[in-house]
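With this note's numbering applied, the sequence shown closes on residue 730, and no number is skipped along the way.
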Amino acid sequence: MSVLLVAVGSKNPTKVEATRRVFRRAFGRVKVIGLEVNSGVSPQPMSASESIRGAINRAKRAIEISRADFGVGIEGGTARLCGRWFTAGFVAVIGRDGRISLGTSGWFECPAKVVEEMKKGRELAEVIGELTGRKDVKEGEGAIGIFTRGHVSRTNLYEHGVWMALCRFLSPQIFLAEFTNLTLDEKTNKPC
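#1: Go ahead and label serine 709 buried or exposed: buried means 16 or more other beta carbons lie within 10 angstroms of its beta carbon, across all protein chains shown.
#2: Measuring CB atoms only, is the segment 682-700 touching the segment 641-656, in the sense that at least three cross pairs come out at less than 8 angstroms?
#3: When DSSP labels each residue in this structure, what does alanine 606 get in the three-state scheme?
#4: According to DSSP, simplified to helix, strand and coil, what is glycine 644?
#5: Going by alpha carbons, who is nearest to valine 627 out of Thr670, Lys658, Trp701 and Leu542?
#6: Check whether the segment 571-591 touches the segment 607-617, taking contact to mean three or more Cβ pairs, one atom from each stretch, closer than 8 angstroms.
#7: Please classify glutamate 574: does DSSP put it in a helix, a strand, or coil?
#8: Look up phenylalanine 685 in the DSSP assignment and say whether it is helix, strand or coil.
#9: Could you say which of Leu662, Ala703 and Ser587 lies nearest to phenylalanine 561 if we only look at CA atoms?
#10: Any idea what DSSP makes of phenylalanine 707, helix, strand or coil?
#11: Pairing CB atoms from the segment 543-559 with CB atoms from the segment 594-603, are three or more of them under 8 angstroms?
#12: Quick one: give me the first and last residue of the beta strand (DSSP E) that glycine 633 is part of.
#13: Report all residues from its chain with a CB closer than 6 angstroms to the CB of proline 581; omit the five preceding and five following residues, and keep chain order.
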């Protein structure tokens, strides 16, 4: 039985570990590597569109560099829904055949005072670290780990997003052919 190679468009240990856990359960023998790539979006995306673009860019660059079986991009982002701000992990999985599938983790509400700092260009983990005095929020438990008092870690949150993004690959017979390839609009560079 051959080993499946999966390249994650980040060296962040929470993203790599979430991907490793999911792909191992889904496919058995896997080798997951993290690669430092440019997301092509701001350090703290403030819309679902920008977050999806970042995830796709990460996955594409990871698979291009590594020539892996799958490229995975995970982009944490914040978006306004029903007048409130929520944060989630946006995930893109790209197969060697070019198929792209998207998913998100669960969403959690982000406090207004944190969002105000993020609108100034600061990253969520940086703001939360400053408010709580904790270091390595981004590569550790994440904001969600702090908000849930350790019941849900950033890795746990991203696992769900990776599972959601794998749906198209795990159940290809259910997905319609015309939706298998996601492209970016040439004028706006947004998913279409």
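Backbone N, C-alpha and C define an ideal beta-carbon position, used for all residues, glycine too.
In this text the structure is predicted, and so the values were computed from the model without any measurement.
Walking through what the data contain:
#1: Exposed, since its Cβ has fewer than 16 Cβ neighbours within 10 Å.
#2: In this structure the segment 682-700 lies against the segment 641-656, because at least three pairs of beta carbons, one per stretch, are closer than 8 angstroms.
#3: In the structure shown, alanine 606 sits in coil (DSSP, three-state: anything other than H, G, I, E or B).
#4: Three-state result, glycine 644: coil.
#5: The sequence given here places glycine at residue 627; valine does not occur at that position. When C-alpha distances from glycine 627 are compared across Thr670, Lys658, Trp701 and Leu542, the shortest belongs to Trp701.
#6: With three or more CB-CB distances shorter than 8 angstroms, the segment 571-591 counts as touching the segment 607-617.
#7: Coil.
#8: Looking at phenylalanine 685 - three-state DSSP - the assignment turns out to be helix.
#9: Residue nearest to phenylalanine 561 within the set Leu662, Ala703 and Ser587 is Ala703 (criterion: CA-CA distance).
#10: Phenylalanine 707: helix per DSSP, three-state reduction.
#11: As far as the Cβ criterion goes, the segment 543-559 touches the segment 594-603, which means the pair count is three or higher.
#12: Residues 622-633.
#13: Excluding positions up to five away in sequence, the list reads Glu661.
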